[in-house]
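Position in the sequence shown (from 1) plus 3 gives the number in the working numbering.
Some notes on the structure that comes next.
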Amino acid sequence: MPRRSAPTPSLSRYWNRYVGHCAGSVSRFRRITGALPAGPARTWLGEIAHRLDVELDAVRRLAIVGDSIEPAWFRVREEPAKRIALRLEAARTAFADAVSQAAEVAEQVALDPAHSDVRAHLEVLSRQASQLALTPAPADPEPEPSRTSVRRRLVGRRRQP
Numbered sequence: 004m005p006r007r008s009a010p011t012p013s014l015s016r017y018w019n020r021y022v023g024h025c026a027g028s029v030s031r032f033r034r035i036t037g038a039l040p041a042g043p044a045r046t047w048l049g050e051i052a053h054r055l056d057v058e059l060d061a062v063r064r065l066a067i068v069g070d071s072i073e074p075a076w077f078r079v080r081e082e083p084a085k086r087i088a089l090r091l092e093a094a095r096t097a098f099a100d101a102v103s104q105a106a107e108v109a110e111q112v113a114l115d116p117a118h119s120d121v122r123a124h125l126e127v128l129s130r131q132a133s134q135l136a137l138t139p140a141p142a143d144p145e146p147e148p149s150r151t152s153v154r155r156r157l158v159g160r161r162r163q164p
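Next comes the structure, spelled out in structure tokens:
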């Protein structure tokens, strides 16, 4: 049965939005799964939906940590909060991608239940559904060198024989 997933009301608006987007994706994923006829595709999507529930719990925990660092309405300014926000944005995108893949599987099952691509899509979706929220945060970009440091390096090279 579908698990009720709602945004965490005690979070500030900024962090609650991430939880809400991910919870909405899990809800759509479960509706797609429920629309399939009984069979291997529905069973497999049901197992993936369970993993998405676990990942949604991780999203909630990350949002709580982010909110404890910097409660916000529209954006965050503190570096640790920004890093968590990047991770949650990646999770939001991954959850949406999982819904898209599930919709594609459901479409193929509806058109041709014995279609060989269904199994391939299910395998890809199964791999992607693991560790959505727990993926490492994107690396911070290297800082741009300042004009002064670039100028010093160039001047230093001219002085060397």
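Using N, Cα and C, we set each Cβ at its ideal position, and we do this for glycine too.
Next item on the list: Compute the Euclidean distance between the alpha carbons of arginine 150 and alanine 75, then round it to the nearest angstrom.
Entry: By 1-based counting over the sequence shown, the position of residue 150 is 147. By 1-based counting over the sequence shown, the position of residue 75 is 72. Unreliable positioning characterises arginine 150 in this predicted model, as indicated by a pLDDT of 49, which lies under 50. The coordinate reading is nonetheless provided below. Our two residues, arginine 150 and alanine 75, have alpha carbons roughly 34 Å apart in a direct line.
Notebook entry, point to check: For tryptophan 18, which of helix, strand or coil comes out of DSSP?
Noted result: Within the sequence shown, residue 18 is the residue found at index 15, counting from 1. Looking at tryptophan 18 - three-state DSSP - the assignment turns out to be helix.
Notebook entry, point to check: On the premise that valine 79 lies in contact with alanine 88, defined as a C-beta separation below 8 Å, what is that separation, rounded to the nearest angstrom?
Noted result: Here the question's residue 88 lines up with position 85 in the sequence shown. Here the question's residue 79 lines up with position 76 in the sequence shown. So it is a contact: roughly 6 Å between Cβ atoms.
Check: Looking at C-beta atoms only, is the number of pairs between the segment 38-52 and the segment 103-118 that lie closer than 8 Å three or more?
Finding: The segment 38-52 is in contact with the segment 103-118.
Checklist line | Pick from Phe32, Thr96, Pro83 that is closest to leucine 55, judged by C-alpha positions | finding: The count along the sequence shown starts at 1 and reaches residue 55 at position 52. In terms of CA proximity to leucine 55, Phe32 leads the group Phe32, Thr96, Pro83.
Margin query: What does the alpha-carbon distance come out to for the pair isoleucine 72 and phenylalanine 98?
Written below: Along the sequence shown, one-based indexing puts residue 72 at 69. Along the sequence shown, one-based indexing puts residue 98 at 95. Each residue's Cα considered, the two are about 24 Å apart.
Notebook entry, point to check: Going by alpha carbons, who is nearest to alanine 26 out of Tyr17, Leu14, Trp47, Asp60?
Noted result: Numbered from its first residue, the sequence shown carries residue 26 at position 23. Measuring C-alpha to C-alpha distances from alanine 26 to each of Tyr17, Leu14, Trp47, Asp60 identifies Asp60 as the nearest.
Item checked: glycine 1 to asparagine 19 span [Cα, whole Å] -> With the chain covering only 4 through 164, there is no way to say anything about residue 1.
Checklist line | Exposure of valine 29, with buried meaning 16 or more beta-carbon neighbours within 10 Å | finding: By one-based count along the sequence shown, residue 29 stands at place 26. Here valine 29 is buried. Its C-beta has 16 or more other C-beta atoms within 10 Å.
Checklist line | Anticipated Cβ contact below 8 Å, alanine 66 with valine 22, distance rounded | finding: Indexing the sequence shown from 1 puts residue 66 at position 63. Indexing the sequence shown from 1 puts residue 22 at position 19. Between valine 22 and alanine 66 the Cβ distance is about 5 Å, and since that is below 8 Å, they are a contact.
Margin query: Here's a check: name, in chain order, each residue in its chain whose Cβ is nearer than 6 Å to the Cβ of alanine 52, leaving out the five neighbours to either side.
Written below: Within the sequence shown, numbered from 1, the residue matching residue 52 stands at position 49. Excluding positions up to five away in sequence, the list reads Phe32, Arg33, Thr36.
Notebook entry, point to check: In angstroms, rounded to a whole number, what distance separates the CA positions of glutamate 126 and tryptophan 47?
Noted result: On the sequence shown, position 123 is the one that residue 126 refers to. On the sequence shown, position 44 is the one that residue 47 refers to. Straight-line Cα distance between these residues: approximately 9 Å.
Note to self: The alpha helix (DSSP H) that contains tryptophan 47, what's its start and end?
What the structure shows: As a working note, residue 47 is residue 44 in the sequence shown. Annotation: the continuous alpha helix (DSSP H) that includes tryptophan 47 extends over 43-72.
Checklist line | Nearest-angstrom Cα separation, counted from valine 112 out to proline 43 | finding: Indexing the sequence shown from 1 puts residue 43 at position 40. Indexing the sequence shown from 1 puts residue 112 at position 109. Distance between the alpha carbons of proline 43 and valine 112: 10 Å.
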